[in-house]
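Asker: So in this note's numbering, the last spot in the sequence shown is 355, and the numbers never skip. Positions of the beta carbon are idealized from the N, C-alpha and C atoms, including for glycine. All figures in this text were calculated on a predicted structure; none of them were measured in a lab.
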Amino acid sequence: MTSPSLARIDSAIESSPNSARTPFVVGESRVEDAAMPEFDERLEPLVSVVIPTRNRAQLLRRALDSVSRQTYRRLEIIVVVDGEDAETSATIEGFCDSRIRAIVNRVSQGGAEARNIGVRAALGSYIAFLDDDDEFLPNKIELQLKRALRSQGRFPLGLCRIVARSPKGEFIWPLFPPRPDQPLSEYMFCRKGFAQGEGLVQTDMLFVPRELLLQIPFSGGLPRHQEWDWILRAAHHPDVEIAFCDEPLAVWYIEENRKCVSGTNGWESSCAWLDSVEKFVTPRAYAAFLLTVASGIAAKEGNGRAFCALIGKAASRHIPALRYWLIHIGIWAIPVELRRLARKFTRGGV
């Protein structure tokens, strides 16, 4: 097979909202598609896998390998290199899969806008996202596409279970699928017990019609909570239906000591983000987010004033159940390594 093509583009042009199809990104995969037999797009649609990346060439190779091994073959793979990165560009050019197209942003746009750039360049009817440090299991695209095609909604929003892999072990998350009558914010942030992972939305889970992503793109400039921000807004579209696959279909690598953007932004920015999407979040979910997610970020930073500040902010919207007070206290009182070890016994852990 031939190597992928690599296109360098001006970020200002690529970011234009009018560039729904990016004619200046021309890859060898398009040439091959043109020579292939006709497909019935209703039964065998082209799927685009979008992978934003920068400065993680070795991890990217693992991600690309996992997409190349998919049982569903009618794919294109769009790698958005978010800033000049010679090593990553060389890795892509040396990868023997002609379905790969690469876009290099001259100036970094951030993960959210990098995904938007990939969506606008995509030719597929459906989009799957993969973080460059994670991987798909071989039947991910095949099973999510089958589930989407069975959906009655105009925009089936595909989710699935994933394998959360850490140095302490592996966990299948989410523990429960979203219920049709359940507000999505409560599914994501509220807990029945003390375990993390009861409800979860993570980027690798998403399998989405391209048309929906053009109508509702990722919010640019967010260093954290990008997929949560997007799905809270998208789920309010009247034509969206959640299409959940029970099988674990991707591997999410967590708690590995490498730099990531979401690990460098503080608890106050998470609170500001929550306020920006409050109209999509129930009061119960608002309080739960503060005493679990924001609390964990603040405790990691060692910012003691956040302990009482988060309690007051949570109580201003909703009086949380006792378990949230206990989770909040536990996050601050129990060392993080002990909490991670507890996952082996609680199926999740705080």
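Grab me the residues of Val130's own chain with a C-beta within less than 7 Å of its C-beta, minus the 5 sequence neighbours each way, in chain order.
Answerer: The residue labelled residue 130 in the question sits at position 125 within the sequence shown. Reading the sequence as shown, one finds Ser at residue 130 and not Val. Cβ within range, chain order: Glu46, Pro50, Leu51, Pro214, Arg215.
Asker: Which runs of the beta strand (DSSP E), 3 residues or longer, sit entirely within the segment 207 to 281?
Answerer: Entirely contained in the segment 207 to 281, the beta strand (DSSP E) runs reaching 3 residues are, in chain order, 212 to 214, 245 to 258.
Asker: Please state whether the Cβ-Cβ distance between Ile105 and Ile122 is less than 8 Å.
Answerer: Residue mapping note: residue 105 aligns to position 100 of the sequence shown, counting from 1. Residue mapping note: residue 122 aligns to position 117 of the sequence shown, counting from 1. No, these two residues do not count as a Cβ contact at 8 Å.
Asker: Within a Cβ cutoff of 6 Å, which residues of the same chain sit near Ala240, ignoring the five residues on either side of it in sequence?
Answerer: Numbered from its first residue, the sequence shown carries residue 240 at position 235. Hits under 6 Å: Leu189.
Asker: Here's the rule: buried if 16 or more other CB atoms are within 10 angstroms of the residue's CB, otherwise exposed. What is Arg74?
Answerer: To locate residue 74, count along the sequence shown from 1; it is residue 69. Exposed, since its Cβ has fewer than 16 Cβ neighbours within 10 Å.
Asker: Under DSSP, the beta strand (DSSP E) around Val86 begins and ends at which residues?
Answerer: One-based indexing of the sequence shown puts residue 86 at position 81. 80 to 87 is the span of the beta strand (DSSP E), which, as asked, contains Val86.
Asker: What is the residue span of the beta strand (DSSP E) that Ile105 lies within?
Answerer: Here residue 105 corresponds to residue number 100 of the sequence shown, with the count starting at 1. Segment 105 to 110, the beta strand (DSSP E) holding Ile105.
Asker: Given 8 Å as the limit, is there contact between the segment 203 to 211 and the segment 168 to 185, that is, 3 or more CB pairs closer than that?
Answerer: These segments touch.
Asker: In the DSSP assignment, the alpha helix (DSSP H) including Glu203 goes from what residue to what residue?
Answerer: For the purposes of this step, residue 203 is identified with residue 198 of the sequence shown, where counting begins at 1. Here Glu203 belongs to no alpha helix (DSSP H), and DSSP marks it neither H nor E.
Asker: Between the Cα of Gly366 and the Cα atoms of Ala326, Asp234, Ile302, which residue gives the shortest distance?
Answerer: Summary: the structure shown does not reach residue 366, with the chain confined to residues 6 through 355, and so no result is reported for it.
Asker: Can you give me the C-alpha to C-alpha distance between Gln157 and Tyr258, rounded to a whole angstrom?
Answerer: To locate residue 157, count along the sequence shown from 1; it is residue 152. To locate residue 258, count along the sequence shown from 1; it is residue 253. Approximately 33 Å, taken between the alpha carbons.
Asker: Taking three-plus beta-carbon pairs below 8 Å as touching, is the segment 305 to 320 in contact with the segment 216 to 230?
Answerer: The segment 305 to 320 vs the segment 216 to 230: no contact.
Asker: Under the assumption that Glu260 contacts Ser171 (Cβ atoms under 8 Å), give the Cβ distance between them as a whole number of angstroms.
Answerer: Position 255 of the sequence shown, counting from 1, holds the residue named residue 260. Position 166 of the sequence shown, counting from 1, holds the residue named residue 171. Sure, about 4 Å apart at Cβ, within 8 Å.
Asker: Count the C-beta pairs between the segment 142 to 158 and the segment 83 to 93 that are closer than 8 Å, then say yes if the count reaches three, no if not.
Answerer: With the cut-off at 8 Å, the segment 142 to 158 and the segment 83 to 93 do not touch.
Asker: Give me the Cα-Cα distance between Glu140 and Ile236, rounded to the nearest whole angstrom.
Answerer: Sequence index remark: in the sequence shown, residue 140 carries index 135 (1-based). Sequence index remark: in the sequence shown, residue 236 carries index 231 (1-based). The straight-line gap from Cα to Cα measures roughly 21 Å.
Asker: Could you tell me the alpha carbon to alpha carbon distance between Ile339 and Lys173, rounded to whole angstroms?
Answerer: Residue 339 sits at position 334 when you count from the first residue of the sequence shown. Residue 173 sits at position 168 when you count from the first residue of the sequence shown. Roughly 17 Å separates the two Cα atoms.
Asker: Short check: CB of Ala290 to CB of Glu175, under 8 Å?
Answerer: Position 285 of the sequence shown, counting from 1, holds the residue named residue 290. Position 170 of the sequence shown, counting from 1, holds the residue named residue 175. No, Cβ-Cβ distance for Ala290 and Glu175 is not below 8 Å.
Asker: Check this for me: beta carbons of Val54 and Leu80, under 8 Å apart or not?
Answerer: Translated into positions along the sequence shown, residue 54 becomes position 49. Translated into positions along the sequence shown, residue 80 becomes position 75. Yes; because the gap between Cβ atoms is below 8 Å, this pair is in contact.
Asker: Helix, strand or coil for Phe100 per DSSP?
Answerer: Position 95 of the sequence shown, counted from the first residue, corresponds to residue 100. Of the three classes helix, strand and coil, the one that applies to Phe100 here is coil, per DSSP.
Asker: Identify, in the order they occur along the chain, each residue of the same chain with its Cβ nearer than 7 Å to the Cβ of Leu218, setting aside the five sequence neighbours on each side.
Answerer: Counting from one through the sequence shown, the residue named residue 218 turns up at place 213. Closer than 7 Å at Cβ, skipping near neighbours: Val124, Ile132.
Asker: Need the endpoints of the alpha helix (DSSP H) that Arg66 sits in, please.
Answerer: Position 61 of the sequence shown, counted from the first residue, corresponds to residue 66. 62 to 73 is the span of the alpha helix (DSSP H), which, as asked, contains Arg66.
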